[in-house]
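*Asks:* Here the UniProt record's numbering is used: position 206 in the sequence shown is 206, and no number is missing along the way.
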Amino acid sequence: MDLVAKVDFPWRSHAGWQWALFENPQQGEIPAGFVAEKEGRVVAMVGLQARNFTLEGEPVKAATGHTFIAGPEGRGSGVRLAKRAITYPGLASVYSLNNNASSAGLYKKLGMKAWLGDGALNRIEWPIRPGAMGTGLAFSRLARSDRMYDALSAREWFAAKPKPLADYAQQSLATGDWLDPAKPDHARLIENFDAELRSSRRVVPVRSAAFYSYLLTDPDAPGRSVLLSAREGDSISGLMLTIMSKPNAYEPAGLDIVDLELASGAPRAATIAHLIGAARKLAKVSGAARLRLIFSDRFAASEVKGTGLRLHRRFSYDPAHASFAGDDGRFADGWSPTGIEGDFHFALRVAPQRAPR
């Protein structure tokens, strides 16, 4: 991955890239990506991570694009690779839920649409360590200057605790508030939850225990993710996947919610309050400065009212773009992403950064 090392992508080891590119249990026959070569060297690449979905009761395949890179020798190749990925046969959609401002403009030029509209820009943040959070925001504003960015990035600020989130969950949360998908009894709960969602929703990603197990096994940051649950009797009423991430060298680590879904009959406000309460407790004991929920417009204001002090923030650009196969619009109209469909599990920067800059 010499090409990746030349750009400002979060560091990953060889094992980390092997996991991200080739160990996804939902990949199937979809290629892990496409590359352009020159004299035996990779000069451009685009990755594809496949996802299983159910569309009105029928299985379909889609993929999140990621790691779209073209080096100086590969100029022009990147666009050709992206077009090849977008038009790959057998995919209901190729999308990004995690693009930055510069790639947002490029995706539009490729014909991808910010199909979620204004709602995709909104997110909610719960302050956990307000002082550290505020300092990180101040540093982030200073870093808009190239000179200050270089100065602030010269070392790692805000030390992160290395202990796995699952350990904190076991010590700080009630037994029913977290799940280990590798355990057979927990796996059955997850599979039943997934089956209920797929039978009651128009478009929904497949949430298998095997897929959650994959997401939790990052070789570069073992234990930085944990699966939380709310339960009613012997079934799951709500499920949440959280990831510890440190966005850059000069901001503190935070806990990102990259999946939050509720069973069809669950009491929404109470279930959300329970899950957010567990996540806030986990964020506090693990040293996170804030808890963040993307795609927060999926929930009404009344449904998050009982979750405590929170900040409503907005991206200044469209973070989600997609290209959809066919022209019937069923997939685009019925899909409301939670984040699990994206590349957050390996794209979010590891805390702390472990390789030299």
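All C-beta atoms, glycine included, are put in the ideal place defined by N, C-alpha and C.
(1) What's the call for Ala266, buried or exposed, on a 16-neighbour Cβ count within 10 Å?
(2) Quick check: the stretch 298–309 against the stretch 173–188, are there 3 or more CB pairs under 8 Å?
(3) Do you know how far the Cα of Lys281 is from the Cα of Leu152?
(4) Which of helix, strand or coil does DSSP assign to Asp259?
(5) Assign Asp118 to buried or exposed, taking buried as 16 or more other Cβ atoms, counted over all protein chains shown, within 10 Å of its Cβ.
(6) Using the Cβ count rule (16 or more neighbours within 10 Å means buried), how would you classify Ala355?
(7) For the stretch 70–97, list the beta strand (DSSP E) runs that are entirely contained and at least 3 residues long, ordered along the chain.
(8) Taking the alpha-carbon positions, what's the Arg202 to Met133 distance?
(9) Which class does Ala36 belong to by DSSP, given the choice of helix, strand or coil?
(10) Only counting the same chain, and skipping five residues up and downstream in sequence, which positions put a Cβ closer than 6 Å to that of Gly298?
(11) Using a 10 Å radius around the Cβ and a threshold of 16 neighbouring Cβ atoms, would you call Glu56 buried or exposed?
(12) Let's test the definition: count the other Cβ atoms within 10 Å of the Cβ of Asn100 and tell me whether it reaches 16, buried, or not, exposed.
(13) Curious, which full-length beta strand (DSSP E) runs of at least 3 residues does the stretch 177–206 contain?
(14) What span of residues does the beta strand (DSSP E) with residue 364 cover, start to end?
(15) What residue from Leu3, Pro319, Trp11 and Tyr107 has the CA that sits closest to Gly74's CA?
(16) In angstroms, rounded to a whole number, what distance separates the CA positions of Ser225 and Lys61?
(17) For a test of the three-state rule: what should DSSP assign to Thr217, helix, strand or coil?
(18) From the DSSP output, in three-state form, read off residue 375 for me.
(19) Would you report the Cα separation of residue 394 and Ala20, rounded to the nearest angstrom?
(20) What does the alpha-carbon distance come out to for the pair Arg349 and Gly16?
(21) Does the contact criterion of 3 or more C-beta pairs under 8 Å hold for the stretch 83–91 versus the stretch 121–132?
(22) According to DSSP, is Arg280 helix, strand or coil?
(23) Do the stretch 146–164 and the stretch 202–213 meet, that is, are 3 or more Cβ pairs less than 8 Å apart?
(24) For Gly339 and Asp218, which I take to be in contact (beta-carbon distance under 8 Å), what is that distance rounded to the nearest angstrom?
(25) Comparing alpha-carbon positions, which option in Ser102, Glu39 and Ile272 lies nearest Ile69?
(26) Let's see if you can read the secondary structure: which residues bound the alpha helix (DSSP H) around Phe22?
(27) Over the uninterrupted alpha helix (DSSP H) stretch that includes Gln170, give me the two end residues.
(28) Starting from the Cα of Ile190, find the closest Cα among Ala166, Gly238 and Asp343 and give me that residue.
(29) Below 8 Å on the Cβ atoms is my guess for Gly287 versus Ala249; work out the distance and round it to an integer in Å.
(30) List the whole-angstrom C-beta distance separating Asp256 from Thr271, where the pair is believed to meet the contact cut-off of C-beta under 8 Å.
(31) For Ala300, count neighbouring Cβ atoms within 10 angstroms of its own Cβ and tell me buried if that reaches 16, exposed if not.
(32) Considering only residues of the same chain and omitting the five flanking positions on each side of Gly71, which have a CB-CB separation below 7 Å?
(33) Would you call the CB atoms of Ile128 and Lys246 closer than 8 Å?
(34) Would you check if there are 3 or more beta carbon pairs closer than 8 Å linking the stretch 318–330 to the stretch 89–97?
(35) Helix, strand or coil for Pro352? Go by DSSP, reduced to three states.
(36) Out of curiosity, what's the CA-to-CA distance linking Glu37 and Gly176?
*Replies:* The structure says:
(1) Position 266 of the sequence shown, counted from the first residue, corresponds to residue 266. Result: buried.
(2) Counting Cβ pairs under 8 Å, fewer than three are found: no touch.
(3) Here residue 152 refers to the residue found at position 152 when the sequence shown is read from its first residue. Here residue 281 refers to the residue found at position 281 when the sequence shown is read from its first residue. Cα to Cα, the separation comes out at about 30 Å.
(4) Within the sequence shown, residue 259 is the residue found at index 259, counting from 1. Strand.
(5) As a working note, residue 118 is residue 118 in the sequence shown. Asp118 should be labelled exposed.
(6) By one-based count along the sequence shown, residue 355 stands at place 355. Confidence in Ala355 is poor, its pLDDT being 45 and thus under 50, which makes the residue's placement unreliable; the coordinate value appears in the next sentence. Around the C-beta of Ala355, fewer than 16 other C-beta atoms lie within 10 Å, and the residue is accordingly described as exposed.
(7) If we require 3 residues or more, the beta strand (DSSP E) runs fully inside the stretch 70–97 come out as 93–96.
(8) The residue labelled residue 202 in the question sits at position 202 within the sequence shown. The residue labelled residue 133 in the question sits at position 133 within the sequence shown. Roughly 38 Å separates the two Cα atoms.
(9) On the sequence shown, residue 36 is found 36 positions in, with the first residue counted as 1. DSSP places Ala36 in strand when its eight states are reduced to three.
(10) The residue given as residue 298 occupies position 298 in the sequence shown. For the sequence presented, residue 298 should be read as Arg rather than Gly. Closer than 6 Å at the Cβ level, and outside the excluded window around Arg298, lie Ser336.
(11) As a working note, residue 56 is residue 56 in the sequence shown. The residue is exposed, with fewer than 16 neighbouring Cβ atoms inside 10 Å.
(12) Residue numbering aside, residue 100 sits at position 100 when the sequence shown is read from its first letter. Asn100 comes out exposed.
(13) Taking only runs of at least 3 residues, the beta strand (DSSP E) segments lying wholly in the stretch 177–206 are 203–205.
(14) With the chain running from 1 to 357 in the structure shown, residue 364 is simply not present.
(15) Counting from 1 along the sequence shown, the entry for residue 74 is found at position 74. Among Leu3, Pro319, Trp11 and Tyr107, the Cα nearest to that of Gly74 belongs to Leu3.
(16) The sequence position of residue 225 within the sequence shown is 225, counting from 1. The sequence position of residue 61 within the sequence shown is 61, counting from 1. Taking the straight line joining both Cα atoms gives about 25 Å.
(17) Counted from its first residue, the sequence shown places residue 217 at position 217. The DSSP-derived three-state label of Thr217 is coil.
(18) Within the shown structure, residues of the chain are numbered from 1 to 357, placing residue 375 beyond reach of any answer.
(19) In the structure as shown, the chain starts at 1 and stops at 357, and residue 394 therefore has no counterpart that could be examined.
(20) Here residue 349 corresponds to residue number 349 of the sequence shown, with the count starting at 1. Here residue 16 corresponds to residue number 16 of the sequence shown, with the count starting at 1. If you take the alpha carbons of Arg349 and Gly16, they lie about 12 Å apart.
(21) The stretch 83–91 vs the stretch 121–132: no contact.
(22) Taking the first residue of the sequence shown as position 1, residue 280 is located at position 280. In this structure, Arg280 counts as helix in the three-state DSSP scheme.
(23) No contact exists between the stretch 146–164 and the stretch 202–213.
(24) Residue 339 sits at position 339 when you count from the first residue of the sequence shown. Residue 218 sits at position 218 when you count from the first residue of the sequence shown. Actually they are not in contact, since the Cβ atoms of Gly339 and Asp218 sit about 16 Å apart, beyond 8 Å.
(25) Numbered from its first residue, the sequence shown carries residue 69 at position 69. Relative to the Cα of Ile69, the nearest Cα in the group Ser102, Glu39 and Ile272 belongs to Ser102.
(26) Residue mapping note: residue 22 aligns to position 22 of the sequence shown, counting from 1. That run of the alpha helix (DSSP H) goes His14 to Phe22.
(27) Along the sequence shown, one-based indexing puts residue 170 at 170. Secondary structure note for Gln170: its alpha helix (DSSP H) is the uninterrupted segment Leu165 to Ser172.
(28) The residue labelled residue 190 in the question sits at position 190 within the sequence shown. Measuring from the Cα of Ile190, the nearest candidate turns out to be Gly238.
(29) Position 287 of the sequence shown holds residue 287. Position 249 of the sequence shown holds residue 249. By a beta-carbon distance limit of 8 Å, Gly287 does not contact Ala249. Their separation comes to about 17 Å.
(30) Sequence index remark: in the sequence shown, residue 256 carries index 256 (1-based). Sequence index remark: in the sequence shown, residue 271 carries index 271 (1-based). About 20 Å separates the CB atoms of Asp256 and Thr271; that is not less than 8 Å, and the two are not in contact.
(31) Here the question's residue 300 lines up with position 300 in the sequence shown. Ala300 is classed as exposed because its beta carbon has fewer than 16 other beta carbons within 10 Å across all chains shown.
(32) On the sequence shown, residue 71 is found 71 positions in, with the first residue counted as 1. Excluding positions up to five away in sequence, the list reads Leu3, Lys6, Val43 and Ala44.
(33) As a working mapping, residue 128 is identified with position 128 in the sequence shown. As a working mapping, residue 246 is identified with position 246 in the sequence shown. Contact annotation: Ile128 and Lys246 have beta-carbon atoms that are not nearer than 8 Å.
(34) Yes, they touch.
(35) One-based indexing of the sequence shown puts residue 352 at position 352. Reduced to three states, the DSSP call for Pro352 is coil.
(36) For the purposes of this step, residue 37 is identified with residue 37 of the sequence shown, where counting begins at 1. For the purposes of this step, residue 176 is identified with residue 176 of the sequence shown, where counting begins at 1. Straight-line Cα distance between these residues: approximately 50 Å.
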